[in-house]
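Read through the structure below, which is laid out as structure tokens, and then see the notes.
Protein chains in written order, with the working numbering: chain A, 1 to 443; chain B, 444 to 886.
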């Protein structure tokens, strides 16, 4: 019998835990699930005979060490910044680890030690990063094997709400970490286009957007991710002239979100004194030039032609022109905005989410023909627990963990799913769950 | 004989060292001046019999301790972030310290220890902070003593170029730390107006500006400083409805500088790969939306009505549309811009700088009359060494140090020049150097 330890039983762990338990008898697994909330763990494990539900406190060194020692495979669903104590223990006690997070500098530095210990620190094995790596590398390797050369690669992903649950003017509800949504894009987006580096700072990130179309699903806004450049090396396309990664939202979202960016309401670096004594309208006034007109009129004048009637209606729908008290005390503007959005953009029990991913490849074939290939994925959630986000983050982790425990992955050290031995079986099994990319070719 | 140790002999130390040496015989002082550059120290001390010129390495603990031990008074002209080792040694060896820097959190935490050691850690005793504190508190205390109540206090300061040396379209040359000029205002400006908090983020700081007039010197652009709120407590005017501090530039500067802010060229948080292989025009292109027109046409289209012909001519004068190689390798955009500006905005040997400060007070008198009081200071430099900046930063430090050595300041611990025992004699002696505020009253 193999022991799997899952740390964290939040929303994105639902499909992961379900998969592990469903395979536990056939694979002879005992699955321990730990979270600060035992209730959450019990909901997710549902008295399954192969499940062990525990209260898990990541700051308790003794418990963490004991649990990792008794495991064969650890899956950490902790926030990205909290993996390191787990990863170090995994190296120390020679246990495999899987996460859906980016390889941090500290994680990367464990590579040699992990290799020496004979274990895998499998990272970036969720949706984005995760399925994006696997699906992109499959196409890229294929083009290279056929003697082709990539000239352009653009890749987009968004966690959205399904059309049937899309009942607010933003076309957005939270299926993922709300804080990340509010702070998204801060810094400067860096990409390369026709061989020239491009830098797009946050103050105009949501104004210089692309429009992406996914057949059968319509159009989407796409804003550039912060880092597109480092993927060139990861994907073995260092010389590619055009490389861009971006995030998808429903059309019109970016124009409206730009209002908050320009006002300064997404700033998380300072606190508003006595914010609990202010109303949302009053907060808006604090960011608008002085004047005698109404707050709404002032906002219209302030934004000029950067805002249209549709964007204004989105802003208004959030209730920010209302004299309703802010609920958070001494909070940053970003925290206040997040608190309001968590109320307005809440995924309701009957709601379904949807994830959309699209890769756009351009390449020249061996015989110098220009080819375009579009590879698109759309996944809808089943309900509020088994969301598209939980499926597409949790299933790659679960499948990769199974492959590791079955001894099917030879790689050791810090690994991401960009190699054939991982992405081929991973994508094949994901297809059995309806996670299927549609490919379309053109000249 | 009293020993004074001056750490740092750069541009802003010229007037300080001159004053100390001129008073050294009468006051019975030996003045040690230390800097990494012995040449700089020798230039500034000029073989004066009471001067001791040394090479000083702030990272050499032994030397720092030895020199501080033999001093009675230490004056640190180091960058603000480098004072702490000096300050801790001053507390340990019971020596007074003076700096022209803001009281950092760490400096503030030394207050109790400094009091126990019976010494003064005198900070914020230059121009801004320094002369601004002293001159503002003189007026504020006076208004309060006469039973008046302040309703508005706005205060502005700028290190500029004198009109006779103003021969570039920006009306600006560096008389002060160039890096601070390039990064100025990053974050969010916070102030209060008519009882309402106002937040002005960096992305529009240079578009929402004030115009300030100083009699006989014309008009100036004024952009808001990052922090105006904390001065309410420092100045004992916690309940004041309007409080704003700002920075002065020649008219039109802000509109042109906004181009760099909007483009993203003042960002210091990431490096441009292989920047040394790029030209300035190419760099600009990397920040502009793609298109077929010239770089200049693209910039005009990109800025829209946020840029006028005058601003464009300022930008063009810097040579950023030229295909001239960038000199710095793998540098941040801010570093590249700073390097270019240091060449273009260099204070020439024949140039004179100028500092301008203006306080605008509004108050109600004891008998409920509304009064306005404008207090303005303009100081021109003598030459490139005894600049207005060096005078107005160095003389307050020198005078305060003399007062401390003469035992005329009773305060102990972390002190700034906002109390009468300091600002009265300080302002009186500054007047003998032509540093005189002009007051103007109106109803």
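For glycine and all other residues, C-beta sits at the position ideal for the given N, C-alpha and C. Predicted model only: the values in this text are computed from it and were never measured.
So, does the CB of residue 640 (chain B) fall closer than 7 Å to a CB anywhere in chain A?
-> yes
Residue nearest to residue 336 (chain A) in terms of C-alpha spacing, selected from A:160, A:293, A:265, A:404 = A:265
Is residue 596 (chain B) closer than 7 Å to residue 880 (chain B) when the C-beta atoms are compared?
-> no
Helix, strand or coil: which one does DSSP assign to residue 290 (chain A)?
-> coil
Does the distance from the C-beta atom of residue 534 (chain B) to that of residue 519 (chain B) stay below 7 Å?
-> no
Given 8 Å, three or more beta-carbon pairs between the region 560-575 of chain B and the region 770-789 of chain B = no
Is there at least one Cβ from chain B nearer than 7 Å to residue 203 (chain A)'s Cβ?
-> yes
Taking the DSSP output, what are the residues bridged to residue 36 (chain A)?
-> For residue 36 (chain A), which the question treats as bridged, DSSP gives no partner whatsoever.
Check the Cβ-Cβ distances between residue 888 (chain B) and every residue of chain A, and say whether any is below 7 Å.
-> What is shown of chain B runs 444 to 886, which leaves residue 888 (chain B) out entirely.
By Cβ distance below 8 Å, which residues in the same chain neighbour residue 716 (chain B) in space, the five residues on each side in sequence not counted?
-> 773
Residues that residue 717 (chain B) bridges to, as DSSP identifies them = Residue 717 (chain B) is not bridged to any residue.
Distance between residue 870 (chain B) and residue 835 (chain B) (C-alpha atoms, nearest Å) | 11 Å
Closest by C-alpha distance to residue 308 (chain A), when choosing among A:236, A:96, A:252, A:242 | A:252
Endpoints, alpha helix (DSSP H) assigned at residue 25 (chain A) | 24-27
Does the pairing of the region 397-417 of chain A with the region 56-75 of chain A give three or more beta-carbon distances under 8 Å?
-> yes
Selection from A:262, A:296, A:146, A:380 that minimises the alpha carbon distance to residue 202 (chain A) = A:262
In the DSSP assignment, what are the bridge partners of residue 635 (chain B)?
-> B:640, B:686
Going along chain A, which residues have a C-beta under 7 Å from residue 728 (chain B)?
-> 196
For residue 603 (chain B), the three-state DSSP class (helix, strand or coil) | strand
Can you grab the Cα-Cα spacing for the pair residue 32 (chain A) / residue 4 (chain A), in whole Å?
-> 6 Å
Go through its chain and collect everything with a Cβ distance to residue 200 (chain A)'s Cβ below 7 Å, but skip five positions before and after it.
-> 188, 189, 208, 224
Classification of residue 613 (chain B) by the beta-carbon crowding that lies within 10 angstroms, buried from 16 upward | buried
Return the residues of the region 312-343 of chain A that lie within a Cβ-Cβ distance of less than 8 Å from chain B, sorted by chain order.
-> 333
Residue 451 (chain A) burial status per 10 Å Cβ neighbour count (16 or more: buried) = The structure shown does not extend to residue 451 (chain A), since chain A spans only 1 to 443, so no value can be given for it.
Taking only beta-carbon positions, decide if residue 505 (chain B) is within less than 7 Å of chain A.
-> no
Residues of chain B with CB under 7 Å from residue 269 (chain A), in chain order?
-> 630
Does the Cβ of residue 466 (chain B) have 16 or more other Cβ atoms within 10 Å, making it buried, or fewer, making it exposed?
-> buried
On the premise that residue 617 (chain B) lies in contact with residue 789 (chain B), defined as a C-beta separation below 8 Å, what is that separation, rounded to the nearest angstrom?
-> 7 Å
Any beta-carbon of chain B closer than 7 Å to the one on residue 264 (chain A)?
-> yes
Relative to chain A, which residues along the region 729-745 of chain B have a C-beta separation below 8 Å, given in chain order?
-> 729, 730, 732, 733
Would you say residue 651 (chain B) faces chain A, with C-beta separation under 7 Å as the test?
-> yes
Nearest CA to the CA of residue 293 (chain A): which residue from A:301, A:49, A:286?
-> A:301
Inter-residue Cα distance where the pair is residue 38 (chain A) and residue 7 (chain A) = 12 Å
Could you tell me if residue 654 (chain B) is buried or exposed, where buried requires 16 or more neighbouring beta carbons within 10 angstroms of its beta carbon?
-> exposed
Interface residues of chain B facing residue 273 (chain A) [CB-CB closer than 8 Å] | 640, 672
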